[in-house]
Structure formats: C-alpha cells, structure tokens
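One rule links them: number in this note's numbering = place in the sequence shown (from 1) + 1315. In this text, a Cβ means the ideal position worked out from N, Cα and C, and glycines have one as well. Working notes, beginning with the structure itself.
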Amino acid sequence: MVFDPIERGRRVEAAVCRDDLARKYYRFRPSRFYGGSSVADAVGCNLSCVFCWSWRANSRPSEVGRFYYPQDVGERLLRIAEARGYRIVRVSGGEPTLCWDHLISLLEYLHNRVGRGEVFILETNGIVIGEEPSRARELARFDRLLVRVSIKGCSPQTFSRVTGADARYWFSQLRALDNLIRSGVAARPALVASFCSDDDVTQFLAKLREVDPELPSLLELEYTILYPSVRERLRRAGLRPRVAVDPRTWSLVRGFGSS
C-alpha cells in the first residue's frame, strides 16, 4: 500500500528530531564524491526507496544513531574537510529537510564559520521544498549552498514503485526545483535513471525544460548501486534495473544480476 511522504515524514521526525534542535546522525566520514567531501549521514527519510544504500538506518530511525546539535555537526564536518583539504561539506544518508529548524541552524553555523570557501551541498528528494515554497525562500539567504534534488524515477508510476510513496508526489520534486530557482537558490537536478528507458529519459528532459530551459544541461544521472542487501530487496520487489553500478568495480552493468 502506498503512503503519503508528508505524513511519513512527520512520524519519522518524531523519532529523529528534538525540540532543542538536536537531530539524529549515525556517521561522519570523508567521501570521494564531488572530488572529495566531508559527510554527515543523517537518520530518517520520508521515502522508502527499495534501492537505498542507507536502508538500515532509515528503516529503523528510533533504533539507529545518536542526537547531535547543529554546532556539533558543523564542527565535525569542517574538521574532516580541513584535515582532508576538502571544499565540499554535505549531509547524506537520510532526508536532511526533515528536522527543518536543525538544518537551518546548521546552515547558519556553517555560513558564519566557513573560512576556506567551503560549499554546503544539500542532497534532498525535494518533496518538502516542493510542497512548501517558503522553505526555498528560507534557503535563499545562504550564498554557499547548492541544492541537489534527486528525482526518484522518470515518471510518477516509477516513483511510486521504487519509493512506496503516492505517485502524485513525483511532481513535488519538480516543483522543488521550480521553487528553488524562483527563490534564487543554486539548484541542480539528479535522476535515478536505473529504471528508465531511453525514451523515458527523453520525456523527463522535456519536463525539466518546462521548469527551466537550462536544467537538462545540469542533469546528473544516478544509478542504483548493487550492494548485496540492495540486490535482495530488488529481487523481493520484482524490480530489475536496466543499468546499475557494480560496487566491486564501480562500473556500470546492464540488467539485474548480470555483473
């Protein structure tokens, strides 16, 4: 049965957000992505993506992770970035737009502390920002922020199959891009393309162009990483990605189980 991600998000927030602005995270780490970045892995999401690499944390938010205040998170991110010479800091794993006040406080801390030109990349599925345009306006005051909206599938139907959420919220992700651009926030789209045909991608690009003519040129394609646990969930769900990533070689493979 499909679920409403806004309602699900509220339930998850009850487990991972506190009134004193603390939020749950389960790991802080360096990452090779974006040419090197420091990462805070958050607990809790408003979707239930079958391909999620952070499934363990996001499926049991009340059991996983510890609470950290925004300043603690910011300090850890900057410490890793400084030690490694990184210029990118980000929150990944869960959905960072849950616990909104925590996120804004974290951005304020980083805005006041960045001394070497660090950029914060906000990786989001966009649903909260798409449903609440005021969120995009709040983000507009942070000048070292890039919002990366990861769209889960080329169509509402695919979105619902891979996330478990009501298909109509696929459009919320596109509205997030529109809200961000209208508010003057730097934003770029990403697409989980593993379950899309070439024609699907072409039609999706047309949808992006309706939001903003420049968006297709900024699109980043994401492919499901076939970790063993992900393979098993895909098998149980009866989903076969057209293209995926073999985590042993980080190369693209075609067809589920073909690596």
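### Bounding residues of the beta strand (DSSP E) (the contiguous stretch that carries PRO1345)
Against the sequence shown, residue 1345 aligns to sequence position 30. From DSSP, the beta strand (DSSP E) with PRO1345 extends over 1338–1346.
### Query
Name the DSSP bridge partner or partners of ASP1561?
Working through the sequence shown from its first residue, we reach residue 1561 at position 246. Paired residue(s): SER1566.
### Query
Under the rule that 16 or more other beta-carbon atoms within 10 Å means buried, what is VAL1526, buried or exposed?
The count along the sequence shown starts at 1 and reaches residue 1526 at position 211. In the assembly as shown, VAL1526 is a buried residue. Its beta-carbon has 16 or more other beta-carbons within 10 Å.
### Query
What three-state label does DSSP hand THR1478 in the structure shown?
As a first step, residue 1478 is located in the sequence shown; it is residue number 163 there, counting from the start. Correct three-state label for THR1478: helix.
### Task
Please report the residue range of the alpha helix (DSSP H) in which PHE1366 lies.
Indexing the sequence shown from 1 puts residue 1366 at position 51. Premise fails: PHE1366 is in no alpha helix (DSSP H) and is neither H nor E.
#### Entry: Best match in GLY1359, ALA1396, TRP1368 and TYR1401 for proximity to PHE1382 [C-alpha to C-alpha]
Residue mapping note: residue 1382 aligns to position 67 of the sequence shown, counting from 1. Nearest in C-alpha terms to PHE1382, of all of GLY1359, ALA1396, TRP1368 and TYR1401, is GLY1359.
### Query
Taking the Cβ atom as the reference point for each residue, do LEU1421 and GLY1389 lie within a distance shorter than 7 Å?
Residue mapping note: residue 1421 aligns to position 106 of the sequence shown, counting from 1. Residue mapping note: residue 1389 aligns to position 74 of the sequence shown, counting from 1. Taking the C-beta atoms as reference points, GLY1389 is found nearer than 7 Å to LEU1421.
### Task
Take every Cβ of the stretch 1482–1502, pair it with every Cβ of the stretch 1434–1449, and state whether three or more of those distances are shorter than 8 Å.
Cβ pair count under 8 Å is three or more, so yes.
### Message
Counting C-beta neighbours from all protein chains within 10 Å, is the total for THR1564 16 or more, i.e. buried, or is it exposed?
### Response
One-based indexing of the sequence shown puts residue 1564 at position 249. Exposed is the call here.
### Proximity below 7 Å, CB of ARG1560 to CB of PRO1504
Here residue 1560 refers to the residue found at position 245 when the sequence shown is read from its first residue. Here residue 1504 refers to the residue found at position 189 when the sequence shown is read from its first residue. For the record, residue 1560 in the displayed sequence is Val; it is not Arg. Cβ distance not < 7 Å, so VAL1560 and PRO1504 don't count as in contact.
### Message
What does the Cβ neighbour count give for LEU1536, buried or exposed, with the cut at 16 atoms within 10 Å?
### Response
Within the sequence shown, numbered from 1, the residue matching residue 1536 stands at position 221. Classification for LEU1536: exposed.
### Short Cβ contact (7 Å threshold) for VAL1354 with ARG1344
In the sequence shown, counting from the first residue as 1, residue 1354 sits at position 39. In the sequence shown, counting from the first residue as 1, residue 1344 sits at position 29. The Cβ atoms of VAL1354 and ARG1344 sit closer than 7 Å to each other.
### Query
Out of curiosity, what's the CA-to-CA distance linking LEU1495 and SER1449?
Stepping through the sequence shown from its first residue, residue 1495 is reached at position 180. Stepping through the sequence shown from its first residue, residue 1449 is reached at position 134. Their Cα atoms are separated by approximately 10 Å.
### Query
Do you know offhand how far ARG1555's Cα is from PHE1519's?
By one-based count along the sequence shown, residue 1555 stands at place 240. By one-based count along the sequence shown, residue 1519 stands at place 204. Distance between the alpha carbons of ARG1555 and PHE1519: 20 Å.
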